[in-house]
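Asks: Numbering of the sequence shown is given in UniProt numbering, commencing with residue 1 and proceeding in unit increments.
C-beta: ideal position from N, C-alpha, C; glycine also.
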Amino acid sequence: MKAVYHKGTKGMEGLTYGDLDQQEVKAGEVRIKLKAAGLNHRDLFVLTRHSEEDPALVVGSDGAGIIEEVGEGVTNVSKGDEVIVNPGINWKHNTDAPPPEFDIVGLPGHGTFAESIVLPADNAVKKPDYLSWEEAGVVALAGLTAYRALFTRGQVKEGMKVLIPGIGSGVATFLLQFAKAAGATVYVTSRSEEKRQKALELGADHAIDSEGDWEQALDGTKMDLVIECVGAATFNKSLKQLRKGGTIVTFGASAGDEVTINLRDFFYGQQNLLGSTMGSAEELDEMIAFIEKHQIHPVVDQVYGLSDYKAAFERIEKAEQLGKIGFKISD
């Protein structure tokens, strides 16, 4: 099969488009002939985390396709079913944190940037009929991450004021769409005037310049909930916009892992700081039901062929996208 895989050298230099052998389908597994896949920031991190001594690894966590082969004992799906890949392995129920055996598709096991993938049958989930293949291929990881952060952890409610710093990533655009569907008033930030304008077109109520004075731009309005995915570059600016008793949920640190906060202001403000990452199979089912109810379509930035992987990776590395970057794998 054709695949985008990493081997031998850390970083983009170790990434190749070429031929790899297909895996065998064992009991409890299925082979999915992939139609489309989605690129995530995680795929950039895999290029440095995958050991130079390890065998070739197919990159990618998101995908959608058709069940091509079914292993012994599989009853939840059948050959010919249209499915999306649940990127979370061994996290079935909505628990406080993922279990110790939790893994993500694309490291340590093979990922979705290939013509096919073999996975546990439980990780094949019915594709919503109204989504195109390209939309279905990008929805799971970012949509699930957004859903858990916003609903399970953030407990968003109708009428809340929600701030989403750094609009542009796939998760951030899902957060915007989900929060609006839930009846929240949504504020976003971006350095890009183009992205701010597109966010307003997607339904954001207010869009402010990330590099400006947030307090002045918000004119004293404080947030009930902030969903932080940028990291050190924006964390304290985000925290300052939180009302007393409000909640900040963080799930990303692309702009730095370590922050210093004023503890006295934090505890006098009775504020809540919660971590989040990915989500369970149960929450994925809830997320799919939510997008079906509200007929939410993922914001797809650009779609590439697998052989054009370099352009796709460069685009996400430079944060040029608004929404999800996808790969079209087959017709």
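Hey, ALA114 and ALA3: beta-carbon distance below 8 Å or not?
Replies: Locating residue 114 in the sequence shown gives position 114, counting from the first residue. Locating residue 3 in the sequence shown gives position 3, counting from the first residue. Cβ atoms of ALA114 and ALA3: closer than 8 Å.
Asks: Mind the definition here: the segment 295-305 touches the segment 52-65 only if three or more C-beta pairs lie below 8 Å; say whether that holds.
Replies: At 8 Å Cβ cutoff, the stretches do not touch.
Asks: Under a Cβ-count criterion, where at least 16 other Cβ atoms within 10 Å of its own Cβ denotes burial, should ARG264 be classed as buried or exposed?
Replies: In the sequence shown, the residue the question calls residue 264 occupies position 264. Exposed, because fewer than 16 other Cβ atoms sit within 10 Å of the Cβ of ARG264.
Asks: If I follow the unbroken alpha helix (DSSP H) through SER238, where does it start and stop?
Replies: Taking the sequence shown and counting its residues from 1, one reaches residue 238 at position 238. Its alpha helix (DSSP H) spans residues 235-240.
Asks: Give a yes or no on whether the C-beta atoms belonging to GLY60 and ASP43 are separated by under 8 Å.
Replies: Start at 1 with the first residue of the sequence shown, and residue 60 comes out as number 60. Start at 1 with the first residue of the sequence shown, and residue 43 comes out as number 43. Cβ distance < 8 Å, so GLY60 and ASP43 count as in contact.
Asks: Check whether the Cβ atoms of GLY170 and THR112 sit closer than 8 Å, and answer yes or no.
Replies: If you number the sequence shown from 1, residue 170 lands on position 170. If you number the sequence shown from 1, residue 112 lands on position 112. In this structure, THR112 does not lie closer than 8 Å to GLY170 by Cβ.
Asks: Can you tell me which of the three DSSP states ASN272 falls into?
Replies: Here residue 272 refers to the residue found at position 272 of the sequence shown. DSSP places ASN272 in strand when its eight states are reduced to three.
Asks: How close, in whole Å, do the beta carbons of LYS244 and GLN270 come, if the pair is a contact with beta carbons under 8 Å?
Replies: Start at 1 with the first residue of the sequence shown, and residue 244 comes out as number 244. Start at 1 with the first residue of the sequence shown, and residue 270 comes out as number 270. Yes, they are in contact, since the Cβ atoms of LYS244 and GLN270 sit about 6 Å apart, within 8 Å.
Asks: Going by alpha carbons, who is nearest to GLY159 out of ALA172, THR152, ALA181?
Replies: On the sequence shown, position 159 is the one that residue 159 refers to. The option with the nearest alpha carbon to GLY159 is ALA181.
Asks: DSSP on ILE248, reduced to helix/strand/coil?
Replies: For the purposes of this step, residue 248 is taken as residue 248 along the sequence shown, with counting starting at 1. Strand.
Asks: Going by beta carbon distance, what residues of the same chain come within less than 7 Å of GLN22, once the five residues before and after it are set aside?
Replies: Translated into positions along the sequence shown, residue 22 becomes position 22. The answer, listed in chain order, is MET1, SER116.
Asks: Roughly how many angstroms lie between the CA atoms of ALA146 and ILE296, to the nearest whole one?
Replies: Taking the first residue of the sequence shown as position 1, residue 146 is located at position 146. Taking the first residue of the sequence shown as position 1, residue 296 is located at position 296. Looking at the two C-alpha atoms, the distance is approximately 13 Å.
Asks: Whose C-beta lies closer than 7 Å to the C-beta of GLU211 among residues of the same chain, with five residues either side of it excluded?
Replies: What you label residue 211 is simply residue 211 of the sequence shown in a count that begins at 1. Counting only Cβ-Cβ distances below 7 Å, and skipping sequence neighbours, we find ARG191.
Asks: Count the other CB atoms, across all protein chains shown, that sit within 10 Å of the CB of THR250; report buried if there are 16 or more and exposed otherwise.
Replies: As a first step, residue 250 is located in the sequence shown; it is residue number 250 there, counting from the start. By the neighbour-count rule (16 or more Cβ atoms within 10 Å), THR250 is buried.
Asks: Is the CB-CB distance between GLY14 and LEU47 below 8 Å?
Replies: Mapped onto the sequence shown, residue 14 falls at position 14. Mapped onto the sequence shown, residue 47 falls at position 47. Yes, Cβ-Cβ distance for GLY14 and LEU47 is below 8 Å.
Asks: Leaving out the 5 sequence neighbours to the left and right, which residues in its chain are closer than 7 Å to LEU176 when beta-carbon positions are compared?
Replies: One-based indexing of the sequence shown puts residue 176 at position 176. Once the five neighbours on either side are set aside, the close Cβ partners of LEU176 are ILE164, ILE167, VAL186, VAL188, ALA199, LEU202, GLY203, ALA204.
Asks: Apply the 10 Å Cβ neighbour rule to HIS110 and answer buried if 16 or more other Cβ atoms are within range, or exposed otherwise.
Replies: Numbered from 1 along the sequence shown, position 110 holds the residue referred to as residue 110. Buried, by the Cβ-count rule.
Asks: For GLN302, list the residues DSSP reports as bridge partners.
Replies: Locating residue 302 in the sequence shown gives position 302, where the first residue counts as 1. Per DSSP, ILE325.
Asks: At which residues does the beta strand (DSSP E) containing ILE32 begin and terminate?
Replies: Locating residue 32 in the sequence shown gives position 32, where the first residue counts as 1. Residues 29-39.
Asks: What residues are listed by DSSP as bridge partners for MET223?
Replies: Locating residue 223 in the sequence shown gives position 223, counting from the first residue. MET223 is bridged to LEU242.
Asks: With H, G and I counted as helix, E and B as strand and the rest as coil, what does DSSP make of ASP81?
Replies: Counting from 1 along the sequence shown, the entry for residue 81 is found at position 81. If DSSP states are grouped into helix, strand and coil, ASP81 belongs with coil.
Asks: In terms of residues, what are the limits of the alpha helix (DSSP H) holding GLU282?
Replies: The residue labelled residue 282 in the question sits at position 282 within the sequence shown. Residues 281-294.
Asks: Going by the beta-carbon positions, is the gap between ALA140 and VAL85 smaller than 8 Å?
Replies: On the sequence shown, position 140 is the one that residue 140 refers to. On the sequence shown, position 85 is the one that residue 85 refers to. Yes.
Asks: Do LYS161 and THR247 count as a contact pair if the criterion is CB distance below 8 Å?
Replies: Looking up residue 247 in the sequence shown gives position 247. Looking up residue 161 in the sequence shown gives position 161. In this structure, LYS161 does not lie closer than 8 Å to THR247 by Cβ.
Asks: Measuring CB to CB, does VAL138 end up less than 8 Å from LEU284?
Replies: As a first step, residue 138 must be located in the sequence shown, where it is residue number 138. As a first step, residue 284 must be located in the sequence shown, where it is residue number 284. No. Outside cutoff.
Asks: Three-state secondary structure (DSSP) at GLY8?
Replies: By 1-based counting over the sequence shown, the position of residue 8 is 8. Coil at GLY8, not helix or strand.
Asks: By how many angstroms is the C-alpha of GLN321 removed from the C-alpha of GLY122?
Replies: On the sequence shown, position 122 is the one that residue 122 refers to. On the sequence shown, position 321 is the one that residue 321 refers to. What sits at residue 122 in the sequence shown is Asp, not Gly. Distance between the alpha carbons of ASP122 and GLN321: 31 Å.
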